[in-house]
Amino acid sequence: MQIKRNEELEKKNEEWRKRMEELEERRLREREIT
125 MQIKRNEELE KKNEEWRKRM EELEERRLRE REIT
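Just so it is clear: in the sequence shown, position 14 is 138 by this note's numbering, and no numbers are missing.
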């Protein structure tokens, strides 16, 4: 049970990290354009 929960948390963390990276890239791109 505990292990399964940890796997789900890791999955969410990874998705969140990817989302944050995408946001960062977008922000940098917008800064370059301006």
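Glycine residues also receive a C-beta, built at the ideal position from the N, C-alpha and C atoms. Fair warning: this is a prediction, and the values are worked out from it, not measured in the lab.
Could you tell me the distance, in whole angstroms, from the CA atom of residue i to the CA atom of residue j?
i: THR158; j: ARG143; result: 23 Å
i: GLU156; j: TRP140; result: 25 Å
i: GLU132; j: GLU138; result: 10 Å
i: GLU149; j: LYS128; result: 32 Å
i: LYS136; j: GLU146; result: 15 Å
i: ARG153; j: GLU134; result: 29 Å
Give a single yes or no on whether residue i has its beta carbon closer than 7 Å to a heavy atom of the ligand HEM.
i: GLU148; result: Absence of the ligand HEM from the depicted structure is noted, as is the absence of any ligand whatsoever, leaving it without description.
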